[in-house]
Structures are given as structure tokens and as C-alpha cells.
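A short worksheet on the structure shown next.
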Amino acid sequence: MRLLASIYLLVILGLPALLSQELAAQDDIQVVVSIDRDTIGMDEQATLQVEIIGETQNLPAPQMPTLSMFEVYSQGRSSNISIVNGKVSASVTYRYLLLPLKPGTFPISRIAVVHQNKRYEGNAVQLTVASSGRATSPKLDQRATDSQGKTRDYFMEAVVDNKHPFVNQQVTLTLRICFAVQHYGSPELQEPTMTGFWTEVLGNKAPYYQTIKGRTYKVIERKYALFPTQTGKLTIGRSAITATIAGRSRRSRDPFDVFGLFGRGQEITMRSRPIEIDVKPLPTAGRPKDFTGTIGEFSISASANKTEIEVNQPVSVTFKISGVGNIKSVAEPTLPELDDFRVYRASSSENISKLKDRIGGTKVFEEVFIPKKPGRLMIPSVSFTYFDPYKQQYQTVRTRTITLNVRKPEGYVAGPEVPYIVPDMTIGSRASDIRYIKEKIGKLRPVGQLIIFSPVYLVVNALPVLVMIGMVVARRRRERLAADVGYARSRAAWREARRRLARAKSIASVDKASEFHAEISLALISYIADKLNISPYGLTSERLAELLAGRSDDEELVPDMLRFLQECDFARFAPSTITDEKIDRALKMAEEIMVRIGGVKFV
Amino acid sequence: MIALLIVSFLSATCLATPEEDFRAANELYEAREYSKAIDLYLRILDQGEESPALYFNLGNAYFKNGDLGHAILYYLRARRLDPADNDIVSNLEFARSFTRVQMAGVQINPIKSFLESAVEPYRLNTLAWISSLAFVLLFCLLILRFGVGLRNSALRAGIITTLVLLLVFSFVTSFKYRHDYLTSRAVLVAEDCPVRTGPSEQSDIELEAAPGLVVEILSESGDYFNVLFQNKRRGWIRKELIAVV
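Sequence order for the protein chains is A and B. For the first sequence, this note's numbering gives the first residue as 1, with consecutive numbering after it. For the second sequence, this note's numbering gives the first residue as 1001, with consecutive numbering after it.
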């Protein structure tokens, strides 16, 4: 029982510890140690820089080894934090001033940080302290001396760290511009020609002072990383610097500048010498088949965004190759044939970094794996081969195997490409799960009948349109009748005429023949006057004939009308017996003439 | 009992109203005489009349009879007439879960998917009447404005609001109509549904589909339909293997 309890405690307490170590291992912390000069004299000083890079904000301080051969002074720290897509990346740089206590060559190593119980050690650097007060290389001494043995006011030199590199191995080119006299402004640099190299500028170093042949020079350094792309002899061309130094030029003397206060200085140009590089081919012996030409020092890792998935669900696997060397030449790792997965390339990205004058970085390839079947499926180890120029041999690094636990989805399922059949499942066995039939048939309607095509729907929608059209027309007419008297009279003419004829008929009697004929005569004249929007009073037969002349195609209209009016006048002024027959005939004739006048175009 | 039902079934084939046929078919269904129930339900359809309940019961009968393709076909027809009926939606989903083959790589158009899910619970008739109501209301307001001659800001705001409503509902109604009636959908009803690369027996079989899958008919050639699967794969399939929804 106690044994069981111990195992239980071990599992309970040990598992989180293991997990935390695993998590800590994922927090990559890098310690980069660099020193601003390789060689100094006893009277000089060097700056040691320790940069701690990591993906956490709480980066620890470095643990410095005992450097007994130097006096060490801290020069403070600077930090930099960036958050991109929620991912924190931070770096803290600590600077230390080293003052030598004795000459010699001293390696500086074992600078480390401890983070989450794990120790991260930085690279080693080496500093040579010359026994003389100032340290210079014999070559630099030579360049500083002119043909007469005097020190030059200014000069430049170009040096490479390796004249016999392998193809695609980094060569660091350093341009040093040294001034013993004051110079104005920034010197203009003409970059050297570097045919046959892939070039990356490493940048300018902060100017420093150095004593060469007993004279103090201000030194400006510029560095390039060169990767030879072909074997054989390659040449790094000359570079040139144009600068303005103190001292008045005779030619440009200004007559008004009596005291030389405004002297422009002297423009000078200095050139470096071309450098020949002998590029060696890579050894063919022992070259692995999967080698794609990458040189440097690299590591590879693989990680999956999830390991618990269902069949046909994608899982994203990230292959990360990082290290020092020409990261651009890193090719995608070759995946073996996988029957259990469909694999798609999702993306690739690269990040170039410059650490301690070495080009390196990280290249990330993302692949999407879609499992075809359930079970424990393995994404096998993937290898990456590079050539290590320092060890002069090919190296192969590998990822760890990733195990995926692939579940069956619920129900079932498989794509046409994935003939995965679930165990036999008959409909009858689960038929009771469907909902029961409906007892009432509901409202039946003809098959395919749609309300939007039914007459009711069309009428309902057409009705308001028709009503609106009708109301708008009526409103327009009403407004016109109100505004246009002529139009109103013309429209009302017939109604008015009919009213007068009715009145005439009502007064028609044996003793009122005169009034009857006067009324129908007035009805006819008023009708024409209304149509023409003129006063009916004073209209004579002749005037009416004039108004109607030429307006109608009916040539008999005017004579018939004049005859009718004449008959009316005759009956009015020579009254005779009137009969019902005569009344009807007169009314009918008046109405007929009005109808004929209705066809006349008055406008 | 069954014999009695069969007799009633035979007698029902003479002169019976759809309601009587429906009741008789339901009794056959309860007696597990699914094939005969199907025949009787189909007879009502042959008379040129339909209802959501009729399609629903027909789907159930086919399902019980083991014909998944036709079951899904009639559930889809029932849902088109009454998309709000929970029984129909439930049985359709249930039947679909038995489809042997599920399309891989179905890509969903977010806008279309949103519109489909927005209009799915409503009948075409409901949407059409709402559009019509907005139309009538708009014209009533226009009559007040142009027929009667009323002029005020409230009326103007009412016209604009109603116009916007009318446009929205007209669009939604058109989408529903197009989705439900103009797009020619079909269900695979045969047990074996070889999908070929061309409209002939000599063409290669591209994939083996399964009953219950819904496809869109793009064109036809001879005895074949050119169909589009949900995952945008196309192929040719014999006409008798599928049924138009």
C-alpha cells in the first residue's frame, strides 16, 4: 500500500515537473557574447557585450565567470521587447569594460544565464592583449606607413577572415578607414565589387580610437558577409572612400576668409587593395544523398499544433531549421511517402539574423497533414543535412517523431477519396429514432403551386398600383380644372348644354314656344362658347360661322347649325303653334349638332 | 388484421378522397406495411396534390423501408413546403446521418451560407406575403403623397422606410425562390451511384457516391445528368439514379 502511495505521489508530483521542463525547453534562450576588438594593447580597453535573447519578458542577468586577468566594469544594460502576433520576443544587452592586467591571449567563456532551472551558456570569445601599450597588427602598421617611413594622415584597408573558404561558406570582409586628422561630415563610400558572391552588409561598427605606430587614429569599420557562389579564384574589388579632412586647400582659398575660419578643408580619396579569394569545392566523399548545398551549423525541430484530432481534420506541423550560415540556401526538408496522410504545403518563411558578424537565422516550413484513418499515427523523423566547414564534414540533424492520436468522427463518414466505411449500420435497427408520422394530411394544394403566381397575389399587388394611378390622374384633372378656366368650361360644356336642353324641354308648352326656342338656341351657342372659352353673349350666327370655319372636316356642320339657329330665331319672333313633335325634333336636332360640334378640334 | 388492411387498401384504390387515402396509408404504416403505405401516399401525389405532412409521412415510410435516398428526397420536399416544422427538420438530419459517404472538402460561401440560414426557417409564401404587404403599404403611402397630396416629414420617412423594407424582403424572397425552386437539386436514390467523367458507360468512374447525397443538376446529355456535388466536384450520373427534389 505504501509502495502504491509512493508511486502515486511520484506520478502526481513528477509529471508537472517533467511538463514544466518540457515547457522550459520550448523557451529558447540564446546568449550571444561578442567583443568589440580582438586585440588590444596594455593601455587600451575592450568592450564585452553579452546579449540575452528569448521569448519571455523576464530574461535573467548573466552569470559572469571570474576574469582575473582584467579589471571589469559594468557599463549598464539595454533592453528591447517586441510583441508580434501575441508572441513576445525580448533581448537584454549587458556591456562590460575590460581593462587588461597582463599581456597574453585569454579566452572568455562560460558566460551563462539560468532560466527555469536550466542553464544556457554563451559562445566563447578570445581577446589578445599585446605587451606593448597599443596593439596593432604588423599589416596595419605597414599600411599606416608611407614610402618615406612617415605615418599617413589617413588610410584604409580591406581584410577578410578567410581566404580559402568552401563554396557558400561565409567570408567576412572588413573595411577599416583610419583618420589621424580631423575629417568633416560622413565619408562617402564606394562599395567594392563582389562578383561571384551573395552579399549581406553586416553594418558599421561604432568608431573607436587606436594607436598605430605611435599615432592615434580614429577607426571606422564596415563589415560584409560574403557567400561565394562558385568555386575557383574570385576577386573582391577595390573600394574607395572620399572624405574631407582638416587643412585648407590652396586652390580653394577664399580671399575673404582672412583668418581661415571658413576653410572648407581638403577633399581626399583613399582606396583599398583588391583581395583574391580561393574558393574550395565541397568534398564529395561522404556526401549524403539528401544534402542540398547548405553550409554552416544548423538544427532542426518539428512541432504539431495539436496531437488529438479526428479523421480528415488537418493538423499543422511546423519544421523549423535555424542556425548560422546562408539561411537562404536552406531547402525544404524532404518528407517520406506517407500512406496515412494527405500532406499539403501551407507556407514557408525565413528570418535572417546577424549575430556576432555571422549571418544566420531561421527558416520555417509549415505543412498540413490530414490523417486518412483513425488510430495512433506517426509523422516520422525528418532529416536535414548540412556541411560544417569547421569540422569539414557533413552533418545530419533530425526532428523527433510526432505521434498523433486520430479519433473516428461521430456518426460516420469518409470522403470519396478515403474509402473508410464504418461498421455495418442498418437503418431498421435505429428506425425508431425518427419522429412519428403525422396523422392529418393538412391543407392540400396543387403540386408545385406557388402563391407568387396565383391570381390573388397578383391582384393584391396590382390593386394599389391601379388605385394610385387613378388617384394621381384624378388629382391632376382636378388641379387643372381649378387652374384652367378654359379647360374647365370645355370639360363642363356638354354637361351644361344638356342641362339647358333639359330646361328647355321642361318649359316647352303651347304658349311658351318663344322661351323654348330661345333656350335651345342659347344652349347651342353656350356650348360653342364654353368649348372656345369665350362669352356666349353677343355671339351672332355670322361670328359663330367664322369661329367654326376650317375647324371641322364636316362641311355641312356650319350650314346646318346656321339653319337651325335661323329656325329658332324665326320661331322665337314669329310664334306659332308648337307641338310635341316639333319640340322633340328641335331637341334632337340641337343635340345632334352639339354632338357634331363635339368632334371639332377647338385647340 | 393485415389482410383486412390490404382489403381496405384495395378498396381505397377505387374512389377515395386524399384524406381517406392518407388515413389508410397511415394505418398500413403502423402495421409496418411500408411498401403499401408508400404506394398509397404516392397515389395522393399522383392526383396532383401535395402537403408537408404527406411528404413527411412518405419520407418516414421510405426510411423504414430502408430506402435512404427517397426518404431524404421527400423530407427535402416536405421541408421546402414547411421549413419551420421541427419534425421534418429533425427526421431529415437523422436520415442524413446515415449517408454512407460524406463529401470531403466542402467549402462554405459565408454570404450564401448566411442567407440560406436566414431564410431557411421561413416559407416562400410567408416571405412573399411580407413583401406584398410592404408593397401595398408603400403604395398606400404613395397614394397619400401623390394621390391625396399630403406632404410632411413623417410621411416621407415612412415611404423611405417602407421602400427599404420592400427591397430587403423582395431580395430575400427572390433568393428563397431561386434557392428552393430555380436551382435544380436532386437526391441520389439508387443504392450504387457511379459518378462518371463523361455522359456514357465508357467514361471512367470518378467516384462511387451513395444514396442520400444531394447534388445540383447543371446540365443533361442523353441519359445522363451533369451534377455538382457540395464539395464542387462534378461528374455525370445516369438520370434514373437520382430524383429531382
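All C-beta atoms in this analysis are idealised placements derived from N, C-alpha and C, irrespective of residue type, glycine included. Since this is a predicted model, take the numbers as computed values, not measurements.
Going along chain A, which residues have a C-beta under 7 angstroms from residue i?
{"i": "Pro1194/B", "result": "What Pro1194/B touches in chain A: nothing, since even the nearest Cβ is about 11 angstroms away."}
{"i": "Pro1052/B", "result": "Gly442"}
{"i": "Gly1149/B", "result": "Arg475"}
{"i": "Leu1073/B", "result": "Correct list: empty, because the minimum Cβ distance to chain A is about 14 angstroms."}
Report buried or exposed for residue i, applying the criterion of at least 16 other Cβ atoms within 10 angstroms of its Cβ.
{"i": "Gly951/B", "result": "Because chain B is modelled from 1001 through 1245, residue 951/B falls outside the range shown and cannot be assessed."}
{"i": "Gln21/A", "result": "Its pLDDT being 40, under 50, Gln21/A is placed unreliably in this model, and the value from its coordinates should be taken loosely. That one is exposed."}
{"i": "Lys601/A", "result": "exposed"}
{"i": "Ile1111/B", "result": "exposed"}
{"i": "Gly214/A", "result": "exposed"}
{"i": "Leu4/A", "result": "Residue confidence is low: Leu4/A scores 41 on pLDDT, short of 50, so the model does not pin down where it sits. No coordinate-derived value is stated."}
{"i": "Arg495/A", "result": "exposed"}
{"i": "Phe259/A", "result": "Residue placement at Phe259/A is poorly supported in this model, since its pLDDT is 44, which falls under 50; the coordinates are not used for a value here."}
{"i": "His164/A", "result": "exposed"}
{"i": "Leu1167/B", "result": "exposed"}
{"i": "Ser82/A", "result": "exposed"}
{"i": "Phe298/A", "result": "buried"}
Given that residue i touches chain B, what residues does it touch there, using C-beta distances under 7 angstroms?
{"i": "Ile434/A", "result": "Asn1060, Phe1063, Asn1091 and Phe1094"}
{"i": "Pro446/A", "result": "Gly1048 and Glu1049"}
Is there at least one Cβ from chain B nearer than 7 angstroms to residue i's Cβ?
{"i": "Ile451/A", "result": "yes"}
{"i": "Pro374/A", "result": "no"}
{"i": "Val343/A", "result": "no"}
{"i": "Val315/A", "result": "no"}
{"i": "Ile309/A", "result": "no"}
{"i": "Tyr420/A", "result": "For Tyr420/A, the pLDDT reaches just 39, beneath the cut-off of 50, and the residue's location in the model is therefore unreliable, leaving the point undetermined."}
{"i": "Ile578/A", "result": "no"}
{"i": "Val472/A", "result": "yes"}
Residue i touches chain A at which residues, Cβ-Cβ below 9 angstroms?
{"i": "Leu1124/B", "result": "Leu450, Ile451 and Ile452"}
{"i": "Ala1128/B", "result": "Leu450, Ile451, Ile452 and Tyr457"}
{"i": "Glu1019/B", "result": "Lys440, Ile441 and Leu444"}
{"i": "Val1136/B", "result": "Val460, Asn461, Leu463 and Pro464"}
Are any of the Cβ atoms in chain A nearer than 7 angstroms to that of residue i?
{"i": "Asp1087/B", "result": "yes"}
{"i": "Ile1038/B", "result": "no"}
{"i": "Leu1028/B", "result": "no"}
{"i": "Ser1132/B", "result": "yes"}
{"i": "Leu1115/B", "result": "no"}
{"i": "Phe1175/B", "result": "no"}
{"i": "Ile1143/B", "result": "yes"}
{"i": "Phe1169/B", "result": "no"}
{"i": "Phe1225/B", "result": "no"}
Considering residue i, what are the terminal residues of the beta strand (DSSP E) in which it resides?
{"i": "Gly361/A", "result": "Arg358 to Pro371"}
{"i": "Leu1188/B", "result": "Arg1185 to Leu1188"}
{"i": "Pro1194/B", "result": "Cys1193 to Arg1196"}
{"i": "Arg271/A", "result": "Gln266 to Arg271"}
{"i": "Ser278/A", "result": "Before going on, a small fix: residue 278/A reads as Asp here, not Ser. Start and end: Ile275 to Val279."}
{"i": "Lys328/A", "result": "Here Lys328/A belongs to no beta strand (DSSP E), and DSSP marks it neither H nor E."}
{"i": "Met378/A", "result": "Gly375 to Ile379"}
How far does the alpha helix (DSSP H) with residue i in it reach, from first residue to last?
{"i": "Ile1111/B", "result": "Pro1110 to Val1119"}
{"i": "His1070/B", "result": "Leu1068 to Leu1081"}
{"i": "Met589/A", "result": "Asp580 to Gly598"}
{"i": "Asp553/A", "result": "Where Asp553/A is concerned, there is no enclosing alpha helix (DSSP H), given that its DSSP letter is neither H nor E."}
{"i": "Leu1137/B", "result": "Leu1124 to Leu1142"}
{"i": "Ile469/A", "result": "Pro455 to Ala483"}
{"i": "Tyr1177/B", "result": "Ser1153 to Tyr1177"}
{"i": "Phe384/A", "result": "From DSSP, Phe384/A is part of no alpha helix (DSSP H) but of the beta strand (DSSP E) over Ser383 to Asp388."}
{"i": "Gly1059/B", "result": "Pro1052 to Lys1064"}
Which bits of chain A does residue i rub up against, with CB to CB less than 8 angstroms?
{"i": "Phe1139/B", "result": "Pro464, Val465, Val467 and Met468"}
{"i": "Asn1262/B", "result": "Since the first residue shown for chain B is 1001 and the last is 1245, residue 1262/B is missing from the structure and cannot be characterised."}
{"i": "Ile1045/B", "result": "It is Leu, not Ile, that sits at residue 1045/B in the sequence shown. Within chain A, the residues near Leu1045/B are Val447."}
Query raised in the report: Mind pulling the beta strand (DSSP E) runs of 3 or more residues that sit fully within the stretch 135-190 of chain A?
Result: 154-160, 171-179 and 183-190
Query raised in the report: Which whole runs of the alpha helix (DSSP H) in the stretch 508-532 of chain A are 4 residues long or more, in chain order?
Result: Taking only runs of at least 4 residues, the alpha helix (DSSP H) segments lying wholly in the stretch 508-532 of chain A are 513-532.
Query raised in the report: Which full runs of the beta strand (DSSP E) of 3+ residues lie inside the stretch 30-103 of chain A, going along the chain?
Result: 30-35, 39-41, 46-54, 70-84 and 87-100
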